[in-house]
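**Student:**
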Amino acid sequence: MNMNLTKTITAWASAAMLCSVMFSTSAVAQGTSKLTDPEIASVAVTANQVDISYAEVAQKKSKNADVLKFAQTMSNDHKAIIAKAAALCKKLGVTPKDNSVSKKLNSDAAKTRKMLNSKSGEAFNKAYIDNEVAYHKAVISVVEGVLVPQAQNAELKQLLQSVVPALKEHLMHAEMVQKEFTK
Amino acid sequence: MATIKTILKSVLCVGCCAFMLAGCSSNTPSVPTVHFAQDEYATKLKASGGDTMPKVYAVTIALMKFDPDTITVKKGDTVVFYNHDMVTHDITEEHSKAWTSKPLPADASWKLVATQSSDYYCTIHPVMKGKIVVQ
Ligand SMILES: [Cu+2]
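Heads up: the protein sequence lines correspond to chains A and B, in order. Quick note, the working numbering runs 224 ahead of the 1-based positions in the first sequence. Quick note, the working numbering runs 237 ahead of the 1-based positions in the second sequence.
1. Below 8 Å, is the gap between the Cβ of H394 of chain A and the nearest heavy atom of ligand 1?
2. Restricting to Cα atoms, I'd like to know which of B:D322, B:M323, B:S338 is closest to T329 of chain B.
3. For A295 of chain B, write down the residues that DSSP places opposite it in a beta bridge.
4. Near Q290 of chain A, which residues of its chain fall below 7 Å by C-beta distance, leaving aside the five closest residues on each side in sequence?
5. Among all the DSSP beta bridges, which residues are the ones paired with T307 of chain B?
6. Is the beta carbon of H360 of chain A within less than 8 Å of some heavy atom of ligand 1?
7. Does DSSP classify L341 of chain B as helix, strand or coil?
8. Does the contact criterion of 3 or more C-beta pairs under 8 Å hold for the region 309-324 of chain B versus the region 343-351 of chain B?
9. What residue range is occupied by the uninterrupted alpha helix (DSSP H) comprising S355 of chain B?
10. If you draw a straight line from the alpha carbon of S299 of chain A to that of P373 of chain A, how long is it in whole angstroms?
11. Any heavy atom of ligand 1 closer than 8 Å to the CB of D412 of chain A?
12. Do L292 of chain A and V370 of chain A come within 9 Å of each other at the CB atom, strictly closer than that value?
13. Who are the neighbours of S299 of chain A on chain B, taking C-beta pairs under 8 Å?
Here you go:
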C-alpha cells in the first residue's frame, strides 16, 4: 500500500474514532436534563476510573517503555484525582449518583477494552495511545462544556476546573508518544 | 551509590544553612553552630567573594506548570520547589539527568543549590519544563 494512502486511512480512522467518542458524550449530555452535583461527581469519578482501566490493559499488554511510563502516569494521576474528588464528596456530604452519562462512559469503555485486548504488539501500542488521545480530548470537552458549567457547588466546580490542566498535559503527553507509532 | 547519597546529604545541608542564613536580615549573621556543613558553606562563601549572601528562591508547581518557569539566580543560591498540585511530579535535569528530585508527592517540597545553569523537566509529565539560569 502506498504511504500517502496509509496515512489518509490512519487519519480517517482516528478522526472517526474521535468523532464517535465526542458524539456519544455530547449526545448523552444533550439528551439529559441538567446534571445534579451527585451525578457530576459520579461522571467525574467514572471518567477517571475508565482511564485507569485502560492503563491496566496497557500495563498487561505493552512492552514499550514510553507506553508503560505513560500508562503508569495515567494510573497514578487519575487515582490522585479520584482521591481528591472522594475527599471533597465526603466533606460536602455528596454521594456520587449513577446516571446516563456515567453509564454510557462505562459501556463505551467496556467496548474499547475489548478492542484493545484483541490487539497485540505494535498494533496494540498504537491503538492504546490513539484511544488515549481521543479519550482525553473527549473528557476535556465534557468537563469544560458540561461538568464545570453545570456544577452548583463552588468547590466542586473549582476541583473540576483544576483537573483540566492535568487532562491537557496528559493529552500532549499522549500525542508525544503517538508520534512514535505514526510514521 | 553511597557516594551519591553522601553528596546529596551535604547538598541538602548546605541548602538548609543557606535557607537559615538568608532568613536573617542582620548584616552580621550569627555564626551558625551546626555540624560539618558549616565549613563547607563557609568555604563556598569565601570562594564566591565572601560578601554575597546566598538567597533562597521558590518555584511553585501548580496546575501542571513550574512557576516561574525560568528563574535567574547566583551560584550557590537555593531554589526550593513546592508541589502544590494534586498529583506527584519530579524535577529532573533535562539533558543528562545530572540531578533529580525523585518523585515529589503533593504538598512536598525539594531544594536544590544551584551550581550551574540547567534545563529541567518532569519525567512523569514530560510536557512540563523549566530553566534555572545561574549568573
Ligand atoms: Cu509532573
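Built from N, CA and C at the ideal position, the CB exists for glycine as well.
**Tutor:** Taking the structure as given:
1. By one-based count along the first sequence, residue 394 of chain A stands at place 170. Not so, every heavy atom of ligand 1 lies at least 8 Å from the Cβ.
2. Walking along the second sequence from the start, residue 329 of chain B turns up at place 92. Per the Cα distances, B:S338.
3. In the second sequence, the residue the question calls residue 295 of chain B occupies position 58. DSSP lists B:V317 as partners of A295 of chain B.
4. Residue mapping note: residue 290 of chain A aligns to position 66 of the first sequence, counting from 1. It is Asp, not Gln, that sits at residue 290 of chain A in the sequence shown. For D290 of chain A, where only same-chain residues beyond five positions count, the Cβ hits under 7 Å are V401, E404.
5. Position 70 of the second sequence, counted from the first residue, corresponds to residue 307 of chain B. As computed with DSSP, T307 of chain B is found in a beta bridge with B:K368.
6. Position 136 of the first sequence, counted from the start, is the residue given in the question as residue 360 of chain A. The answer is no for H360 of chain A.
7. Indexing the second sequence from 1 puts residue 341 of chain B at position 104. Three-state result, L341 of chain B: strand.
8. yes
9. Position 118 of the second sequence holds residue 355 of chain B. For S355 of chain B, no alpha helix (DSSP H) segment is defined; the enclosing uninterrupted segment is the beta strand (DSSP E) at 355-358.
10. Numbered from its first residue, the first sequence carries residue 299 of chain A at position 75. Numbered from its first residue, the first sequence carries residue 373 of chain A at position 149. Each residue's alpha carbon lies about 27 Å from the other.
11. Since the first residue shown for chain A is 225 and the last is 407, residue 412 of chain A is missing from the structure and cannot be characterised.
12. As a position in the first sequence, residue 370 of chain A is number 146, starting the count at 1. As a position in the first sequence, residue 292 of chain A is number 68, starting the count at 1. No, these two residues do not count as a Cβ contact at 9 Å.
13. Looking up residue 299 of chain A in the first sequence gives position 75. Chain B residues near S299 of chain A: none, gap ~11 Å exceeds 8 Å.
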